[in-house]
DNA sequence: GAAACATATTCCTTTAGAGGAATATGTAGT
DNA sequence: ACTACATATTCCTCTAAAGGAATATGTTTC
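Residue numbers (our numbering), protein chains in the order written: chain F, 1 to 122; chain S, 1001 to 1122.
Rendered as structure tokens:
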């Protein structure tokens, strides 16, 4: 993978937040929405951008699309993701996102349903 | 320094080449031109871009402007520059630039003058 | 001080991409 | 089949920034 392509993916705040979260493990779009508190179209488009450039993979699980980092990233990608994770610690936005991720119950229940009726999606 | 600002600087090929060269030491614009073989305005503008965002410093030396990396870069910048230097090794453009840098006699002589009449600028 | 040189800046055109509203697609449940 | 849900895609508008020609600025040399 070309180095420039990687940096192009990293030069937007929303994408940095998405990647920072994905470093913790696979996640579906509805959870990204919940954590970032950004409109669905915005999240969906940035994920598409990352997908087209090979920074993330998707897998459908029922109604949900679960995104994750590639299994065997190139040397460049691995290095940069590690660097990002290291640096992101220093900024509040990223720390808060990870905190919210921790509090999430990780089920994709319909709104209003009790949490044990929801199916796990990721 | 904000992480996003760093990545914004890294998402252009010309700027990556400039930074990769600066990792080897200070350099003046005329040498960048010689190595990158890109028009003066292009190089000058990208250096201005980097300067405005604090990724490089400038110092005038006679007619020449000598650019260099900041003396004490932030943690984020240091990490990313190290990462860049590591990754750049894998791509031909960057290796070639460094090669050309090595062959340079590092004097800023007027065209046509013998090399020992030229003054050192960086 | 005029000319040559090194570099920066201004002005322009063009393009990538960000953001959002509306709509389309695919899936599950009834 | 109809509905609700999760996500993607298609429009659109707007802005940052890339690239280059021409010009301006600052420096040295004669």
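All C-beta atoms, glycine included, are put in the ideal place defined by N, C-alpha and C.
Distance, residue j Cα to residue i Cα
i: residue 51 of chain F; j: residue 103 of chain F; result: 27 Å
i: residue 1117 of chain S; j: residue 1107 of chain S; result: Annotation note: pLDDT 49 at residue 1117 of chain S (below 50); position unreliable, coordinate value reported separately. Roughly 9 Å between the two C-alpha positions.
i: residue 88 of chain F; j: residue 78 of chain F; result: 15 Å
i: residue 105 of chain F; j: residue 1060 of chain S; result: 58 Å
i: residue 1009 of chain S; j: residue 1055 of chain S; result: 8 Å
i: residue 1023 of chain S; j: residue 86 of chain F; result: 21 Å
i: residue 1121 of chain S; j: residue 1074 of chain S; result: 27 Å
i: residue 1028 of chain S; j: residue 91 of chain F; result: 34 Å
i: residue 69 of chain F; j: residue 53 of chain F; result: 12 Å
i: residue 1062 of chain S; j: residue 1034 of chain S; result: 19 Å
i: residue 1036 of chain S; j: residue 71 of chain F; result: 36 Å
i: residue 1114 of chain S; j: residue 45 of chain F; result: Any reading at residue 1114 of chain S needs caution, since the residue's pLDDT is 44, under 50, leaving its predicted position unreliable; the model's value is listed next. Using only the alpha carbons, I get a separation of about 57 Å.
i: residue 65 of chain F; j: residue 1096 of chain S; result: 43 Å
i: residue 100 of chain F; j: residue 32 of chain F; result: 10 Å
C-beta atoms of residue i and residue j nearer than 8 Å
i: residue 1067 of chain S; j: residue 1026 of chain S; result: yes
i: residue 49 of chain F; j: residue 1011 of chain S; result: no
i: residue 94 of chain F; j: residue 17 of chain F; result: yes
i: residue 1098 of chain S; j: residue 1021 of chain S; result: yes
i: residue 14 of chain F; j: residue 42 of chain F; result: yes
i: residue 1083 of chain S; j: residue 80 of chain F; result: yes
i: residue 1019 of chain S; j: residue 1076 of chain S; result: no
DSSP-derived helix/strand/coil call for residue i
i: residue 58 of chain F; result: strand
i: residue 1053 of chain S; result: coil
i: residue 37 of chain F; result: coil
i: residue 108 of chain F; result: strand
i: residue 1009 of chain S; result: helix
i: residue 1122 of chain S; result: coil
i: residue 1117 of chain S; result: Low local confidence applies: a pLDDT of 49 at residue 1117 of chain S is under 50, so the model's placement there is unreliable, and no value is given.
i: residue 1020 of chain S; result: helix
Chain S residues whose Cβ lies nearer than 9 Å to that of residue i
i: residue 16 of chain F; result: 1003, 1004, 1007
i: residue 30 of chain F; result: Near residue 30 of chain F there are no residues of chain S at all, since even the closest Cβ is about 25 Å away, more than 9 Å.
Residues that residue i contacts on chain F, provided the C-beta gap is smaller than 9 Å
i: residue 1086 of chain S; result: 75, 76, 79
Chain-ordered chain F contacts of residue i [CB-CB under 8 Å]
i: residue 1011 of chain S; result: 4, 7, 8, 10, 11
Per-residue contacts from residue i into chain S (C-beta, under 8 Å)
i: residue 90 of chain F; result: 1003, 1075, 1076
Chain-ordered neighbours of residue i on chain S, where CB pairs are closer than 7 Å
i: residue 121 of chain F; result: None at all; the shortest Cβ gap to chain S is about 30 Å.
Chain F contact residues for residue i, given Cβ-Cβ distances below 7 Å
i: residue 1108 of chain S; result: Those do not exist, as residue 1108 of chain S stays about 30 Å from chain F at its closest Cβ, beyond 7 Å.
Suppose only complete runs of 4+ residues qualify. What are the alpha helix (DSSP H) ranges in the segment 1060 to 1105 of chain S, listed by chain order?
You should have 1075 to 1088, 1092 to 1103.
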